[in-house]
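What follows is a single structure, written as C-alpha cells, with notes after it.
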Amino acid sequence: MKYIVYKTTTISASHFLPGHKKCGKMHGHNYKIEVWCSVDKLVKGMVVDFDKIKAIISEMDHKCINDLIVMPTAENMCLMIFIEVPNIVRVRIWETDNCYAEISK
Ligand SMILES: [Zn+2]
C-alpha cells in the first residue's frame with residue numbers, strides 16, 4: 003500500500019535559453035506545475051506538507067528563472083523541484099498548453 007498526494011500550482015516567470023535561436027530572447031510563461039509525492043508510511047500523518055511544496059515552487063514565481071538556473075528549460079526546472087521536494091516521485095511542468103517536461107522515479 004502506498005499513500006500518494008498531488009499538488010498543482012501555476013506560476014508566472016520569465017526566462018531565456020542562452021544560444022537558442024527562438025527562445026534566446028527574454029519571454030514569459032504561465033507554468034503549470036504538478037507534483038506527486040508518495041510514501042509507504044506516513045510521518046506525522048502526512049506524505050509531505052503541502053505548504054513545503056508551495057514554498058519551494060514559490061521560489062520561481064514572478065522571477066527570471068535564469069537567476070536561479072543557468073539553462074532554465076522546463077526539464078531543468080523539474081530537476082530543481084525534484085531535488086528539493088521531500089518524497090517526490092513525479093514532477094511535470096507545462097510550459098504551454100501543448101507541451102510539458104517531466105521527471106519520474
Ligand atoms: Zn520559454
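The sequence shown maps to residues 3 to 107 in our numbering. For each residue, glycine too, the CB sits at the ideal point set by N, CA and C.
- By the Cβ-count criterion, methionine 28 is exposed, with fewer than 16 other Cβ atoms from all chains shown falling within 10 Å of its own Cβ.
- Between ligand 1 and the CB of glutamate 97, the shortest heavy atom gap is smaller than 8 angstroms.
- Using a Cβ distance threshold of 9 angstroms, cysteine 66 and alanine 103 do not count as a contacting pair.
- With respect to the C-alpha of valine 7, the residue from Pro88, Glu77, Gly26 having the closest C-alpha is Pro88.
- Among the bridge pairs identified by DSSP, cysteine 39 is matched with Val7, Ile90.
- By the neighbour-count definition (other C-beta atoms within 10 Å, threshold 16), valine 45 is an exposed residue.
- Tyrosine 5 and valine 93 have their C-alpha atoms spaced approximately 16 angstroms apart.
- For isoleucine 67, no beta strand (DSSP E) segment is defined, and its DSSP state is neither H nor E.
- Under DSSP, asparagine 32 takes part in a beta bridge, and its partners are Ser14.
- In the DSSP assignment, methionine 48 is bridged to Val45.
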